[in-house]
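J.: My structure is below; once you've seen it, I'll send some questions.
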Amino acid sequence: MQPAYAVIREGALEDVLSKLLSWVTTGRTMISWMAGMAGSGKTSLAVAACRMLHSEPSVILGGSFFCSRSAGSVTRTEVRRILPTLAASLAAQAPEFATALAAELKIDDCIAYKPASDQIVALLRRPLTALASSSCPIVFVIDALDECNDEAEVAELVTAIARFASDMTIKFILTSRTEMYSRYMPEQKIDNSIITSFLVGPGHGTSLASPLSNY
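Residue numbers are given in our numbering: position 6 of the sequence shown equals residue 8, and the series is strictly consecutive.
Printed below as a string of C-alpha cells:
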C-alpha cells in the first residue's frame with residue numbers, strides 16, 4: 003500500500019521544485035532544510051524532489067532515506083541506517099564509488115554501527131573522491147528526521163552533515179517538523195552560511211513557502 007501524502011497544490015509544488023533545482027545547481031549553501039507542521043506536505047515535496055532530481059540529467063540523485071515510525075519497520079527509524087543506505091544507493095549507480103566504498107568496508111566492516119561522524123567520512127567523504135572528475139552536483143535526500151527514534155543521534159547526524167567537507171558539489175535535502183528545525187537554527191547550532199531553509203505549509207504564502215534564506 004502506498005503511503006498517503008498530503009496534497010500540494012500543483013502550481014505551488016512546481017514553483018518550489020524550480021527553486022530547489024536552482025539551489026542544487028547554483029546555490030552556495032550545502033543543506034536545504036524543509037520544515038513544517040505534521041501533514042503540511044514535507045514528504046510529498048521530498049518525493050517530488052527525488053523524482054525531479056532523478057530525471058534531471060545535470061544532477062545525480064545520490065540516494066534517499068524516508069524515515070517513518072508508521073512504516074512497520076524499525077530500520078526506518080534508526081539514524082545509523084541512513085548514511086549506509088545513501089552510500090549503498092550511490093554505489094549501485096557509480097562503479098567507481100562502489101569500488102572505493104568496498105575498500106573502506108574492508109578497512110572497517112563495522113562502520114555501519116558507528117556514530118554518524120565516523121560513518122560520513124568512511125561511507126561518503128573518502129569514497130566520493132573517486133567521482134571527483136564529475137561536474138554534476140550529487141544530492142542526498144533525508145525525509146522526516148523527527149520520525150527517528152533517537153534525537154541525540156539525529157543531532158549528531160545533522161552536525162556531521164553540516165561539517166561535511168568536499169571539493170565536489172554535494173547537497174543534502176533534509177525535512178522535519180518545525181520544532182526540530184527550530185531547536186537547531188535560532189541558537190545558530192548550524193552555521194547559516196551553509197544552510198538554506200524552506201518553511202512548508204499554511205501561513206507562508208502558497209502551500210509551500212519561500213523565500214529561500216541564505217541563497
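From the three backbone atoms N, C-alpha and C, an ideal C-beta is built for every residue, glycine too.
(1) What are the residues that DSSP puts in a beta bridge with Val143?
(2) To which residues of the same chain is Ser178 closer than 7 Å at the C-beta, ignoring the five residues directly before and after it?
(3) Okay, do the segment 88–98 and the segment 13–31 touch, 3+ Cβ pairs below 8 Å being the bar?
(4) Could you tell me the distance, in whole angstroms, from the CA atom of Phe68 to the CA atom of Ile109?
(5) In the DSSP assignment, find the unbroken alpha helix (DSSP H) run with Asp120 in it and report its ends.
(6) So the candidates are Leu103, Asp120, Met39 and Tyr183; which of them puts its Cα closest to the Cα of Glu2?
(7) If distances are taken between C-alpha atoms only, which option among Cys52, Thr171, Asn151 and Thr101 comes closest to Ser70?
(8) Work out the CA separation of Ile122 and Ala162 for me, nearest whole Å.
(9) State buried or exposed for Ala124, treating a residue as buried only when at least 16 other CB atoms are found within 10 Å of its CB.
(10) Give the range of the alpha helix (DSSP H) segment to which Leu92 is assigned.
(11) Where do the N-terminal and C-terminal ends of the alpha helix (DSSP H) with Leu47 fall, by residue?
(12) From this set, Met54, Thr45, Ala40 and Ser42, which residue's C-alpha is nearest Val141's C-alpha?
(13) Specify, as a first and last residue, the run of the alpha helix (DSSP H) that Val156 falls within.
T.: According to the structure data:
(1) Here residue 143 is taken as the residue at index 141 of the sequence shown, counted from 1. Note: Val143 sits in a beta bridge opposite Ser66 and Ile175.
(2) Within the sequence shown, the letter at position 176 stands for residue 178. Excluding sequence neighbours, Ser178 sits near Ala37, Ala146, Leu147 and Asp148.
(3) no
(4) By 1-based counting over the sequence shown, the position of residue 68 is 66. By 1-based counting over the sequence shown, the position of residue 109 is 107. Going from the Cα of Phe68 to the Cα of Ile109 covers about 29 Å.
(5) Position 118 of the sequence shown, counted from the first residue, corresponds to residue 120. Run containing Asp120: Ala118 to Gln121, per the alpha helix (DSSP H) assignment.
(6) In this structure the chain extends from 3 to 217, so residue 2 is not present and cannot be described.
(7) To locate residue 70, count along the sequence shown from 1; it is residue 68. Cα-wise, what sits closest to Ser70 is Asn151.
(8) Start at 1 with the first residue of the sequence shown, and residue 162 comes out as number 160. Start at 1 with the first residue of the sequence shown, and residue 122 comes out as number 120. Their backbone Cα atoms lie some 7 Å apart in a straight line.
(9) On the sequence shown, residue 124 is found 122 positions in, with the first residue counted as 1. Flag for Ala124 reads buried.
(10) Within the sequence shown, the letter at position 90 stands for residue 92. Run containing Leu92: Ile84 to Gln95, per the alpha helix (DSSP H) assignment.
(11) For the purposes of this step, residue 47 is taken as residue 45 along the sequence shown, with counting starting at 1. From DSSP, the alpha helix (DSSP H) with Leu47 extends over Lys44 to Ser57.
(12) Looking up residue 141 in the sequence shown gives position 139. Cα-wise, what sits closest to Val141 is Met54.
(13) For this step, residue 156 is matched to residue 154 along the sequence shown. Unbroken alpha helix (DSSP H) run through Val156: Glu153 to Ala164.
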